[in-house]
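Residue numbers (the numbering used here): 1 to 301. Cβ atoms here follow ideal geometry from the backbone N, Cα and C, with glycine treated the same way. Since we're looking at a predicted model, the values are computed, not measured. Below is one structure; the comments refer to it alone.
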C-alpha cells in the first residue's frame, strides 16, 4: 500500500486513540490507566513473539514475524520504550487536566521541536520558508494562549501545558529514533512494535506502584472499556505508521504532518463530546498550527 495512504490511515486511528485516551483519563487515576494500556499491548504481542520464536511457520507470511535480537538490539528497543513511555506519562497527565481542543494541537507541533533541535545541536540552517513555518506555529501558540486564558489556563504558568510541551519534545525525539531504528539500523516493523510494547510494561510499573502505595486515596481508579481500546487503536495506527516509514522513497517530512492531521478528529470530538468552549477561535488556531507544521515539514524535503 502507498506510504501516503498508510500515513492518512494512521492519522485516523491516531485521532480515535486520542479520544479513547481522553475518555479513559477523564476523572481517573493516570498511572493504572497507563499500566493497563501497556499490558494490553504486551498481551497482543507476546504470543506473536513466542510464535515467531518457536513455530514461525504458523505466521501468515513475514508481515508479523518478530526477529531474534542480540542484547545490544534489545537495549536499543528498551531505550525506545523509555523515551516514548516518558512522553506518554507527561502527555497523559496533561490530557487529563486540559481541554482536548488545546492539549492535542500542542502535541501535534512536534515538527517545530525537531527543527529547533536541528538548529541548536546539529548546526543545521533552515530555509527562509521553514522559518516562516516556525513563525506561523509561534503565532498560533500565542493565539492558543489567548483562547486558554478565557478558560482560566495561563500557558506560561500552567504546569499541565508545560507537561504537554515536554511530552511533545520527547515525542519528537522518539519519532527521530523510529526513523533511525527502521531506516538506518534495519529493524523490521513487527520487531520494533512487539518488543517496544513489551518493554513499556517495566517503564510504567514504577509509576503504578507509587500510585498504589501513595496516591490511591487522592486519585481513585475506575475501570473503563476505553482503556484497552487506547492500546488497540494505537497498535493499528503505529503499525501503519511504521510500514509507511520503512517503504522505499518514504519521506518522514511528509509522513509527520500527514499523521498529525489526526488533530482534526480529536478537536471535533472535544467540541461534540465534551462541549468545550471557544471552539471557533481554537479552530482558527488549530488551522494555523497545522499550516505551520506543514510548511516546516514540506520545505525540509
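Alpha-carbon spacing of residue i relative to residue j, whole angstroms
{"i": "residue 74", "j": "residue 80", "result": "10 Å"}
{"i": "residue 24", "j": "residue 233", "result": "13 Å"}
{"i": "residue 133", "j": "residue 258", "result": "16 Å"}
{"i": "residue 216", "j": "residue 39", "result": "20 Å"}
{"i": "residue 149", "j": "residue 41", "result": "37 Å"}
{"i": "residue 220", "j": "residue 269", "result": "25 Å"}
{"i": "residue 91", "j": "residue 293", "result": "19 Å"}
{"i": "residue 167", "j": "residue 65", "result": "31 Å"}
{"i": "residue 87", "j": "residue 204", "result": "12 Å"}
{"i": "residue 161", "j": "residue 94", "result": "7 Å"}
{"i": "residue 256", "j": "residue 55", "result": "36 Å"}
{"i": "residue 140", "j": "residue 254", "result": "21 Å"}
{"i": "residue 2", "j": "residue 213", "result": "49 Å"}
{"i": "residue 281", "j": "residue 136", "result": "16 Å"}
{"i": "residue 53", "j": "residue 201", "result": "21 Å"}
Cβ-based neighbour list, residue i, same chain, cut-off 7 Å, excluding 5 preceding and 5 following
{"i": "residue 104", "result": "18, 263, 266, 267"}
{"i": "residue 286", "result": "105, 263, 267"}
Nonlocal neighbours in the same chain, by C-beta distance under 8 Å from residue i, ignoring five residues either side
{"i": "residue 196", "result": "77, 80, 81, 84"}
{"i": "residue 156", "result": "145"}
{"i": "residue 177", "result": "79, 80, 83"}
Closest by C-alpha distance to residue i, when choosing among the options
{"i": "residue 9", "options": "130, 287, 261, 87", "result": "261"}
{"i": "residue 247", "options": "148, 293, 184", "result": "184"}
{"i": "residue 175", "options": "147, 244, 137, 211", "result": "244"}
{"i": "residue 210", "options": "7, 30, 97, 283", "result": "30"}
{"i": "residue 16", "options": "28, 227, 177, 128", "result": "227"}
{"i": "residue 191", "options": "34, 47, 5", "result": "47"}
{"i": "residue 165", "options": "206, 102, 213", "result": "102"}
{"i": "residue 229", "options": "67, 237, 37", "result": "37"}
{"i": "residue 218", "options": "28, 182, 6", "result": "28"}
{"i": "residue 181", "options": "72, 4, 291, 274", "result": "72"}
Delimiting residues of the alpha helix (DSSP H) encompassing residue i
{"i": "residue 153", "result": "Unbroken run through residue 153: none, as it is neither H nor E."}
{"i": "residue 37", "result": "30-54"}
{"i": "residue 212", "result": "Residue 212 -> no alpha helix (DSSP H), and no H or E assigned at all."}
{"i": "residue 180", "result": "From DSSP, residue 180 is part of no alpha helix (DSSP H); its letter is neither H nor E."}
{"i": "residue 248", "result": "No alpha helix (DSSP H) contains residue 248, which DSSP labels as neither H nor E."}
{"i": "residue 26", "result": "It is not in any alpha helix (DSSP H) - residue 26 carries neither H nor E in the DSSP assignment."}
8 Å contact criterion, which residue i and residue j should meet: CB distance rounded
{"i": "residue 108", "j": "residue 288", "result": "Actually they are not in contact, since the Cβ atoms of residue 108 and residue 288 sit about 12 Å apart, beyond 8 Å."}
{"i": "residue 151", "j": "residue 240", "result": "34 Å between Cβ atoms; not a contact."}
{"i": "residue 67", "j": "residue 188", "result": "6 Å"}
{"i": "residue 14", "j": "residue 237", "result": "4 Å"}
Residues of its chain near residue i, where Cβ-Cβ distance is below 6 Å and the 5 sequence neighbours each way are ignored
{"i": "residue 279", "result": "271"}
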